[in-house]
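This report refers to the structure that appears directly beneath it.
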Amino acid sequence: MPTFVLFIIASIFFIMGGDRLQATLSTVLSWIDTNMAWAYLLVYVINFLFFMYLAFGKFGKIKLGDPDDKPRYSSFQWGSMVFATAIDASILMLSIVDPLRYLQHPAFGLKPFSKAAYGAAHMYGQFNWGPMAWMMFAPATIAIAYVLFVKHGKVQRVSAAITSLQGDSRGKKIARQVIDFLVVFGIMGGIGSSVGMEIPIISKVLSRLTGVQDNLTLKIELFIILFVLFAVTVFHGLNGGIDRLSAAHIWTALGLLALILIIGPTMYILNSETNSLGLMAQKFVSMATNTLPNGGDTTAQQETIFYWGWWLSYMPVMGLFIARISKGRTIKQVLIGMLTYGALGCMSFYAIFGGYSLWLQQTGAVNLVHILNTQGQAAVVATVISTLPFKMIVLALYCISCFIFLATTISSSAFIVSSFTSLNLDDGQQPSRWNRMVWVVVFIFFSFGIVMVGGFKTVQTVSTIAGFPLMAVCLLLLHSIWHMLTAKTKPATAPVVVPKPVVMRRITVELPHAVRGPMILSPDHAR
């Protein structure tokens, strides 16, 4: 309840803050980019290397469950739920807009709008949504799943998986409470940022589609529709609600990708993606550690820090969700599955949507960079979708996709946070419906506050700040995972048996036809 009240107050603060709050948040974001970028990058590098070692080493064979446990969901169902829950409607916008930002502010010191800049612009977003990003869900996923299904713990909280904080001392109890609050804080920041980005986009596209004026009234109506959709889904729970929405989500996503790939510049997209894969392999280490200590255009680096904060903010909720559906799978299956369904799925959006927007810009069909700089992100997305054949149908499909994407992410997040704030749920037990509904209300209210402040900088700042304290949580989880795995696989040491002292006794025996005298018997006879 204190957490609920705190976020309601924060939502009111956002709604009332206006331009003054937006300026303050921009200042905070600038400070983080200048002084703490190295920390975000370093934590991600450590995390990625750690889980690559687990996946392809001896620990990857450890099953998250008992030896005879089987996965509850098929590989496709599991992958669909993982992908659908993590990929909200933001990717439908960012995969179109991000390449245009990188084009006019290219990485690696390239000249803006050059041929090399087009190649880097097509690739850079895929890095920010690629393997390193998806591995940030792994700390909470593996730790929680291990506690739930191997150690058979009942408390489904991130703090319960941090071995160094277990115990009844006052200090450890306070530390666990702090961790739990930071986790909820991060989740709220991530969800608020996602909705804060997408509601203006949906509003703009609907305005193009229906002719209704794009104003605050339309945005409020969209929030009401979203609330009803979220509430119905969360009310039905994980089985029958979220899993069905996830299936609709994945098929809608595949349909959009296939549509643009087939009716768009197919060869341009395929050639660009082939080039991007090679460029990413060549520049991967440089992008993962790029702090620009000697100056230069920091746009690409700032985007990476924003995304690293955003993925961190989703780490607890995604970890709790993926852990809950991963019983019976090995550590390697979970990690490789996240990379396959998650990272490759996200990269496909940037390959196809981003490739199409860059093609429109490069061929001169539409000056999307000018629209981005003068009218904003929502106008760019609406313009790009409008260039496709059957634009009214595609615009409608895009809006439906955005609603399904948002509904899946927020419904799953509300479900997991309600589990997180429940006490002692048994394996397979779902949190109460009233608890789920309360968190739907909080998510909607907090997201509305971010929309009222407005501006992409606000979204970036909220995500980056939300992820900042979770870097420490990530490192604690890595330590806990290593501690639990090494304790499980350490060979048992046989107890050392100290032999009893042997007392040698001097006795006299009489043997037939033998000389009488003293004999020293062996220890066995002595007993």
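Numbering-wise (my numbering), the sequence shown opens with residue 3 and increments by one. Ideal Cβ positions, reconstructed from N, Cα and C, are used throughout, including at glycine.
Starting from F61, trace the alpha helix (DSSP H) in both directions and tell me its first and last residue. Here F61 belongs to no alpha helix (DSSP H), and DSSP marks it neither H nor E.
Run through DSSP, which three-state label would T332 get? strand
With DSSP as the reference, identify every bridge partner of K65, one or two as the case may be. T332
Taking the alpha-carbon positions, what's the F139 to Y316 distance? 7 angstroms
In whole angstroms, what separates the C-alpha of M349 from that of L94? 12 angstroms
Once the 5 residues before and after P493 are set aside, which same chain residues still bring their CB inside 7 angstroms of it? For P493, the predicted model reports a pLDDT of 48, less than 50, meaning its position is unreliable and no value from the coordinates is stated.
If you check the beta carbons only, do L167 and A177 fall under 8 angstroms apart? yes
Take L272 as the anchor and find which of L224, W441, A353 and F85 has the nearest alpha-carbon. A353
Using only alpha-carbon positions, find the residue among S97, W361 and S449 that is nearest to S196. S449
If you follow the alpha helix (DSSP H) that D216 is in, where does it begin and where does it stop? Run containing D216: none; DSSP gives neither H nor E here.
Would the beta-carbon of I412 fall within 8 angstroms of that of Y42? no
Terminal residues of the alpha helix (DSSP H) in which P318 lies: T301 to R326
Are there three or more Cβ pairs, one per stretch, closer than 8 angstroms when the region 394 to 413 is compared with the region 187 to 203? yes
Which value, in whole angstroms, describes the spacing of the CA atoms of Q462 and H107? 17 angstroms
Smallest Cα separation from G132: which of R103, G169, S278 and A255? S278
Would you tell me roughly how many angstroms separate the C-alpha atoms of L360 and G366, rounded to the nearest one? 10 angstroms
Find the nearest neighbour of K153 within the set A109, K329, L96 and A233, judged by alpha-carbon distance. K329
Which of helix, strand or coil DSSP assigns to Y126: helix
Residue environment, G194, which counts as buried when at least 16 other CB atoms sit within 10 Å: buried
From A91, M137 and F110, residue whose alpha carbon lies closest to that of V336: M137
What is the DSSP secondary structure of P525, counted as helix, strand or coil? Any reading at P525 must be qualified, since the residue scores a pLDDT of 43, below 50, and its modelled position is unreliable; the value itself is stated next. Of the three classes helix, strand and coil, the one that applies to P525 here is helix, per DSSP.
Does any residue of chain C bring its CB to less than 8 angstroms from the CB of L294? Although the question refers to chain C, the structure presented lacks it and comprises just one protein chain.
A122: which of E275, A39 and D70 sits nearest, CA to CA? E275
Helix, strand or coil at T495 according to DSSP, with G and I counted as helix: Reliability of the predicted coordinates at T495 is poor, the pLDDT of 43 falling under 50, and the value obtained from them is presented with this limitation in mind. In this structure, T495 counts as coil in the three-state DSSP scheme.
Measure the alpha-carbon distance for P267 versus Y358 and round it to whole angstroms. 7 angstroms
Assign D70 to one of two classes, buried (16 or more other C-beta atoms within 10 Å of its C-beta) or exposed (fewer than that). exposed
Where I483 falls: helix, strand or coil (DSSP): helix
Specify, as a first and last residue, the run of the alpha helix (DSSP H) that D182 falls within. R172 to T212
Could you give the distance in angstroms between the alpha-carbon of S421 and the alpha-carbon of V383? 36 angstroms
Since I446 is in the alpha helix (DSSP H), which residue starts that stretch and which ends it? R435 to V455
DSSP on L294, reduced to helix/strand/coil? coil
Could you compute how far the alpha carbon of A468 sits from the alpha carbon of A147? 24 angstroms
Roughly how many whole angstroms lie between the Cα atoms of S465 and G321? 17 angstroms
Mind checking T385: buried by the 16 CB within 10 Å criterion, or exposed? buried
Classify A109: buried if its beta carbon has 16 or more other beta carbons within 10 angstroms, exposed otherwise. buried
Cut-off 6 angstroms between Cβ atoms - residues of its own chain near K174, not counting five sequence neighbours on either side: L167
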